[in-house]
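Contents: one structure, followed by commentary.
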Amino acid sequence: MNAAISEIIHKQIILDLTIRTLERERKHLDDLKMKNAFELWMEAKIKELQQDLRAVKYELGKLGVKVQSEKWDSTFTEYTILERGAVYQKRYSNIALRNWTDEEVKRLLGLEHRTVESGNTKVTR
Numbered sequence: 022m023n024a025a026i027s028e029i030i031h032k033q034i035i036l037d038l039t040i041r042t043l044e045r046e047r048k049h050l051d052d053l054k055m056k057n058a059f060e061l062w063m064e065a066k067i068k069e070l071q072q073d074l075r076a077v078k079y080e081l082g083k084l085g086v087k088v089q090s091e092k093w094d095s096t097f098t099e100y101t102i103l104e105r106g107a108v109y110q111k112r113y114s115n116i117a118l119r120n121w122t123d124e125e126v127k128r129l130l131g132l133e134h135r136t137v138e139s140g141n142t143k144v145t146r
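For the sequence shown, the tail end lands on 146 under our numbering, and the numbers increase by one without skipping.
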């Protein structure tokens, strides 16, 4: 698996986790005074992420790649990747997944954030 495909797989994983995180966090908006505005924002961002995720999955599909499944424990999450008949394992620290999801939320908020392409360099919108 080459580096470009690996980056696209990483993007799919982080987009999926960010969608799940925002959907889970949306349940906690009842305590906010500006609940309606935040619900509208979250709904729009979730839809945006879902479109991005569909595009990434389509791109991977054209390359013959599919993220098959995930297994996790308290420390690591392991993804099974199928690429034209070959099976690969991609393993992440749960802390790293949380940090990358946090960076994706920062991007959605228009804040400085890191990307895989930028490495440790912050990206400003």
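Glycine included, C-beta positions come from ideal geometry on N, C-alpha and C.
This structure is a prediction, so every number in the text was calculated from the model and none was measured.
- Rounded to the nearest whole angstrom, the C-alpha separation of LYS66 and VAL108 is 33 Å.
- In the displayed model, LYS78 falls within a helix according to three-state DSSP.
- Assigned with DSSP and collapsed to three states, THR98 falls in strand.
- Residue state for LEU53 is assigned as coil, using DSSP reduced to three classes.
- Judged by DSSP secondary structure, ARG112 falls within the beta strand (DSSP E) whose first and last residues are 107 to 114.
- Your pair LEU81 and ILE30 checks out as a contact, with CB atoms roughly 7 Å apart and the cut at 8 Å.
- Between GLU99 and ARG119 the beta-carbon gap is near 16 Å, outside 8 Å, which marks them as no contact.
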